Structure formats: C-alpha cells, structure tokens
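Inspection log for the structure reproduced underneath, given as structure tokens.
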Amino acid sequence: MDIAPRPDAVIVPQNLPRLLEQLSEALNGALAVVSGRSLHELERFLDGFDGLMVGSHGSEARGMEPPMAETPQHLGAVKEDLAGFAQDHDLIFEDKSHGAAIHFRSNPAKQGKVEAFTEELTARYDGFTIQPAKMAVEIRPEGFSKDGALAILSDLVQFGGRNPVYAGDDTTDEPALAWAEAHGGFGIKVGDGESVARYHLDEPMDVRAWLAAAVAR
Ligand SMILES: O=P(O)(O)OC[C@H]1O[C@H](O[C@H]2O[C@H](CO)[C@@H](O)[C@H](O)[C@H]2O)[C@H](O)[C@@H](O)[C@@H]1O
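By my numbering, the letter at position 66 of the sequence shown is numbered 836, and the numbering carries on one by one without gaps.
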C-alpha cells in the first residue's frame, strides 16, 4: 500500500484482497502477509483475503499458532504514557494490539524528542523494545520480529521445499529481507533507501503488478 499522511488514512486498492487470495490459492497456501500493523487492522484492510497473516511485527498471527500467547505485561501503562506524550507534542498516537506508535510525519522536527522519550519508556518497562519505522517510533514486545515470523512460517507444511521471497518497503522489513536472502530465497526492497535485498521495485504498485503477473501465469 502507498504511504499515507497518517496510519488511518491508507487507501487499500480494491482488488488487493482478491489478488492475494488468488495467489495464495495458486501457491497452495504458501503466502503470508507480514506487517507491523495490528492483526485486526490487517483483517479489516484485506477483507476477502483468507490466508496467513502475521501482524504487530511478528507477535500476532492468523492461520498459525500465535507467536505471543498473552497480552504483554505493562501494555496499558506504556500506551497511556505514549498517548500522553503524543497529545502534549501534537503528534499522532497509534494504538496497537501489542504495542503503540508515535508518528511524527506531521512534525519531523520532533523526531529527537520522540526517540528520547521512547528510549526512556523501554528502560522503564521490561518486555518492550523500540522499533524505528518510517517517520515513526514504535514500541513492541521484545522477542518477536518479522524475520522471526518468517522462521516460524517456514516450518509450516505449505512452505516445505520452497525458497522464501519477501517484499517490503520499511526499515522494519530489513531483518526479514535479510532472512529471505540468507535462506535460499531473495528479498525485494520497495522504494528508496539502502537495503540488504538483492532486488528493488520503485513503488507498491510495481509489487501489485508483479503479483498480478504471477497469478496470470
Ligand atoms: O510492516 P508494514 O505493513 O510496512 O507496516 C509498518 C508500519 O506502517 C504504518 O506506518 C507507516 O505507514 C503510515 C501510513 O502510510 C505512515 O503514515 C507512517 O508514517 C508509516 O510509518 C503503521 O502505522 C505501523 O503500525 C506499521 O508498523
């Protein structure tokens, strides 16, 4: 999906869920949407796609055992502190299932303050770590990640004997792109920026075109 000014303003292309569903069927289920977003949001955005989904940077999942079984301890306190900080600094607070994010796209000058505050918050509450993102800083549970999710997915029967292919546009995708490259497959970096991925596509629409071509084959 294309970047939007704020997390709740993304526009999901109408044909995307159907496209993912068709590709998943063609691959006998060996396709997963892996995202930093909360699982319930992914399900809302991609209504019509019934396949595997991993949300919250690898801690939530649909169609496989959820990596994190219980709500993280101190989650309420972490969210409350982050929401208060966002309000005081006129920034966007994103409430997530297993964490939260502060977005400074509307005011990039606040980046340093956000980073300092989130550092302090993760030092105060055990079990959380910082996840830098595009014009945002997220706090997520420690011990879960997109590359960790790929390792779990690769043990599922439908992925047996296949080479991993991962596409992503965010800094949060780099460990997963590296994982695909290191495990016999390859990564596709979408958009600008340094990446460990071997391949590159300019825009999310290029990824959708590539997926559509794979379905049509
Ligand atoms: O793993 P992803 O699916 O790439 O999600 C990563 C984060 O994406 C969202 O934030 C980003 O997109 C917003 C909407 O385009 C944009 O306003 C923001 O600046 C970006 O950082 C989402 O809000 C996060 O929860 C995801 O972790």
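Using N, Cα and C, we set each Cβ at its ideal position, and we do this for glycine too.
Note that the structure is a prediction, hence the values are computed from the model and not measured.
Counting of Cβ neighbours within 10 angstroms places residue 942 among the buried residues, the total reaching 16 or more.
A residue is called buried when at least 16 other Cβ atoms come within 10 angstroms of its Cβ; residue 902 does not meet this threshold and is exposed. Closer than 6 angstroms to some heavy atom of ligand 1: that does not describe the Cβ of residue 851. Classified as exposed, residue 975 has fewer than 16 neighbouring CB atoms from the shown chains inside 10 Å of its CB. Within the same chain, 790, 793, 794, 821, 822 come within 8 angstroms of residue 801 by CB-CB distance, once the 5 residues on both sides are set aside. Residue 936 and residue 849 have their C-alpha atoms spaced approximately 31 angstroms apart. Not one heavy atom of ligand 1 is found less than 6 angstroms from the C-beta of residue 832.
Taking residue 858 as reference, the option from 874, 772, 921 with the minimal CA-CA separation is 874. Comparing C-alpha distances from residue 982 to each of 879, 864, 796 shows the shortest one belongs to 796. Distances from the CB of residue 959 to the heavy atoms of ligand 1 are all 6 angstroms or more. Comparing C-alpha distances from residue 962 to each of 953, 972, 956 shows the shortest one belongs to 972.
Taking the CA atoms as reference points, residue 945 sits about 30 angstroms from residue 986.
Spanning the alpha carbons of residue 780 and residue 895 requires a straight line of approximately 31 angstroms. Distance from the CA of residue 931 to the CA of residue 956, rounded to the nearest whole angstrom, comes to 15 angstroms.
Counting along the chain, residue 945 sits inside the alpha helix (DSSP H) bounded by residues 944-952.
The residue among 910, 798, 920 with its C-alpha nearest the C-alpha of residue 808 is 910.
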